[in-house]
Structures are given as C-alpha cells and as structure tokens.
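J.: Protein chains in written order, with numbering that gives the first Met the number 0: chain A, 0 to 201; chain B, 0 to 228.
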Amino acid sequence: MSLPTTIKKKLRKKLYLYEGNFNHLYLDTKGKVTVGVGHLVTHRDAISEITLYTIKNNQPSLVATLQEKQDEYDKISKLPWGQRYSAAFFKPHTTLIMKATDIDSLLDKHINNFHKELSNIYKKTNGYTEDFDKMHENIQLAVFDMIFNLGASKIVNIFKKFDAAIKAGDWKKAASESNRVDVNAERNQYVKELLTTAPATP
Amino acid sequence: MEKLYHLILVSFFLVTSSSACTDTHRPIKSTLNMQAFPGFEIGKNKTDVTLTGYEYQAIESETIKPESCDQAINTHLSAVADFEYFRFKQLVLSCNAIKQFAKATDAQVTWFPAKPNISFYSELPAIVKPLLNNNEPNQLSNKTLGNYVAKTNISLETDNIAKIINSENEIYVTLLARGDFTNDGIEDLLIKTEWYARKAFGKHADLLILTKISGKTRVNVYWRLNSTN
Chain A
0 MSLPTTIKKK LRKKLYLYEG NFNHLYLDTK GKVTVGVGHL VTHRDAISEI TLYTIKNNQP
60 SLVATLQEKQ DEYDKISKLP WGQRYSAAFF KPHTTLIMKA TDIDSLLDKH INNFHKELSN
120 IYKKTNGYTE DFDKMHENIQ LAVFDMIFNL GASKIVNIFK KFDAAIKAGD WKKAASESNR
180 VDVNAERNQY VKELLTTAPA TP
Chain B
0 MEKLYHLILV SFFLVTSSSA CTDTHRPIKS TLNMQAFPGF EIGKNKTDVT LTGYEYQAIE
60 SETIKPESCD QAINTHLSAV ADFEYFRFKQ LVLSCNAIKQ FAKATDAQVT WFPAKPNISF
120 YSELPAIVKP LLNNNEPNQL SNKTLGNYVA KTNISLETDN IAKIINSENE IYVTLLARGD
180 FTNDGIEDLL IKTEWYARKA FGKHADLLIL TKISGKTRVN VYWRLNSTN
C-alpha cells in the first residue's frame, strides 16, 4: 500500500526542517557531496541519478549533461569542508541546480524506502497490534521520525523497550522510551506528543 | 602572537605523539590537536576563545554568528535551524573540549600509546561511540569498537582520526587532546566521537575523557558530554 498524500506531505515538511532543502551540491561536515534534502551522492557516477539544470536568470534552464554534472561534482568535492562550512557556503561555487519537483521526487524515494522497511517490521504477523498502514497516523508519524534518524534496525535492536511498547499498543510507554540522546529537545518532544495523544488501542 | 601560540601547541602535540608509551616520571606535556579546531584563537588563559568563520541559519533571525566560545555555549540549541543542529552541536562540543583542556595538567605517567594505531582504536570500549538511548550502554558492555558489530572495518583517516565502518554505521574517533584531566598524574585522552547512520539521516556526536590507569587495565570512560538520562 502506498502512503496517503497527507502523511507524505507532513513527512516531507519534517525532513525539510531536519535536513535542510538545498537545490545545489554541497559538502556535509565530513566532506561528502550532498544535494536536495540530505541526499548523499556517494560517488561521482551516482550523480547520473540526479536531475540537474543549468541556470539562466537564477532559474533552471537546460537539463545538464552527465559531463556537466560530473564536472560540478569534481569541483565541489575539492572545496574545503568541515564544521565551519554550511551548505549555503557552496552555493556561489555551483553552476547547476535541481528543480523543487525533482528534489521532492528524490526525497520521496527515501520516504518510500523507509515506508517499505516499516511495513516489513510492523505487521500483525510479527506480533504487532496492526499492520503499519492501519496504525493511527500519529503512530506512523512518530515511527517515521524515529526511522529517519536511526534507521530500521536501531529501532528494533537498540530501542527495544520502545519497540516492545509499540508491539503491545502501549503508546504512553512508547513515548517514554522514544527519547534519543543527541536529538534536539523539540524533536524528541514532537514524537512524544504524537504518541501520548494517539487514541488507545481497543 | 596567537598564531605562535597555536604553532607551539601543535608542535607539542606532534612531539609528544611520537614518544613511546612510558611509565617514567618525566612530565608529559598536555597537548591539544589544533587541527581539530579550525577558526579557534585561544587566549593565554586557555579559556577565552575567539571564533572566526562560524555562521548558522537561525530560526527567527537570519543568522547566528558566534564570535567566541562563550557566545556559542550560551546560545540555546533551539535558536538554531533544525538542519544546522548537528553542525552547531559540533561547535559547542569543540568549545567544551577547550574548556576541558584548560583544566588539564601535565601528566607524570602514560599508559596510552604515543601514536594510537588501528589496533588501539579497535580495542576501545564500544560505549565511546555516541549513545543513542539510555539502554545502549548495557547492550554495548564488554564490547569493543572493533567487535560490537560484525564485519567492522577500521582505518586511520589521519594520525588523529580513526574511521570505523560497518553495514549500518560510520563512526569517527578524533583525538582532540592529551593530558591529565583527572588530576591523578596519569595521562588521559580527550576524544570526539561522531556517529552517522548509513541507512538513515542520523548524525550524533559526543565528547569524552578516556582514562587508563595501568598497563593491565582497560581504557575507561571517565566523563562524557552527552547525558543518557
């Protein structure tokens, strides 16, 4: 089952906040080429999967060729990086940009992959109260927030008490076990509120 | 003058890093790896730090430009845009590292290797990695960075940075400083650890003081910045 558009829009909005939304290539704090909403371009060949455009009057113009994209990748890769360099620092060094619709398409691939992983974990046949797609929207959003940050296996293997509470349909217990150590307080609170305000399981 | 001070600090770091593990009673200078602190100008009292080139997107105003570590530490994390949280946290962590280093003294003895190698990093307790929740320390007890997850590969990025990678995690350990942080005459290490999810967007960082009180004891975590409570 595909995700309802209303939930997908909420998830996109959250990821724009958490990862930023940049239409140009930049280097993350470890010097890795990144674009869009925290999308890592793992190597120069992987840039072929990204739709970039030349710029005219500050707007996307022509679809960039693979050579142009790889040249851009090489140029950005050589710039300084580290904790002093924000994504915005790289903007003046770029000549290609993504369209907002392409950024969202790329982001949707990540969301869809996470959705697939969550659907494989949260199944009635695995002992959960409901299949993922039938869970209340609050629970879905909360678990998405966890998986965005941690990945699927960490939810099950590190956040064992959280997982057990979800399995039992005990949302309040899940809220108290959802705290991530190095995530900002507002983000942790957002997840807790989603869980504590979800209707109790029948 | 400030640059000269930095050069001396870096020189100390390089010189002491090349000496052998020792239990002799010659003082072992406390040293700071200045390469890990770009844009930091440290005053003579070791605690006043001027910052250059740090700028963050703020939530309410346009940007936040801390010009000193005091400003950075006193800026509430919630004032910074969410997507800048990790980068700003790294600055705060670095500023806290300088505060810790200011309290360190020269040591009389060390049980740490002069130049940590892959084997050293591999044998560090796994709990040095940034912890994700308060249950994780129990799960990681008695495990090392080298064996806490199967098929883990460790390499040295530089003399002071180790990279630990497996299917789901990318971890970096950066040696920030050496010195006696615990006031027992024995050299300790100040390290930064970073965790990056390879199959998600997560990025976490922590600052730790490691102790090793004899040749037979294991490396121990004496203090860490992140609280799991």
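For each residue, glycine too, the CB sits at the ideal point set by N, CA and C.
No experiment lies behind these values; they were computed from the predicted model shown.
(1) Taking only the alpha-carbon atoms, compute the straight-line gap between Thr216(B) and Trp110(B) and give it to the nearest angstrom.
(2) Between the segment 66 to 80 of chain A and the segment 43 to 54 of chain A, can you find at least three pairs of beta-carbon atoms closer than 8 Å?
(3) What are the boundary residues of the alpha helix (DSSP H) that Gln70(B) is part of?
(4) Indicate whether at least one CB of chain B lies closer than 9 Å to the CB of Gly19(A).
(5) Between which two residues does the alpha helix (DSSP H) containing Ile185(B) stretch?
(6) Quick check: the segment 47 to 67 of chain A against the segment 168 to 182 of chain A, are there 3 or more CB pairs under 8 Å?
(7) On the CB-based measure, 16 or more other CB atoms within 10 Å of its CB, does Ser77(B) come out buried or exposed?
(8) In the DSSP assignment, the alpha helix (DSSP H) including Lys170(A) goes from what residue to what residue?
(9) Would you kindly check if the distance between the Cβ of Ile102(A) and the Cβ of Leu26(A) is under 9 Å?
(10) Does any residue of chain A have a CB that is nearer than 9 Å to the CB of Thr227(B)?
(11) If contact means a Cβ-Cβ distance below 8 Å, which residues of the segment 32 to 58 of chain B contact chain A?
(12) Quick check on Glu169(B): does DSSP put it in helix, strand or coil?
(13) Report yes if the CB atom of Asp107(A) is closer than 9 Å to the CB atom of Ser118(A), and no otherwise.
(14) What's the gap between the Cα of Leu13(B) and the Cα of Ala151(A)?
(15) Arg86(B) versus chain A: which residues are under 8 Å apart at the beta carbon?
(16) Determine the direct distance from the alpha carbon of Arg86(B) to that of Leu275(A), and round the result to whole angstroms.
(17) Run through chain B and tell me which residues come within less than 7 Å of Arg179(A), C-beta to C-beta.
(18) Counting only beta-carbon atoms, is Tyr171(B) nearer than 9 Å to chain D?
T.: This is what the structure holds:
(1) 9 Å
(2) yes
(3) Cys68 to Asn73
(4) yes
(5) Per DSSP, Ile185(B) belongs to no alpha helix (DSSP H) and is neither H nor E.
(6) no
(7) exposed
(8) For the sequence presented, residue 170(A) should be read as Trp rather than Lys. Where Trp170(A) is concerned, the enclosing alpha helix (DSSP H) stretches over Trp170 to Ser175.
(9) no
(10) yes
(11) Pro37, Gly38, Gly52, Tyr53, Glu54, Tyr55 and Gln56
(12) strand
(13) no
(14) Note that Leu13(B) has pLDDT 44, beneath the 50 cutoff, so the model's placement of it is unreliable and the number below is only indicative. Each residue's alpha carbon lies about 42 Å from the other.
(15) Thr28, Gln82 and Ser85
(16) No answer is possible for residue 275(A): the residues shown for chain A start at 0 and end at 201.
(17) Leu131 and Asn132
(18) The structure shown has no chain D; the protein chains it does contain are A and B.
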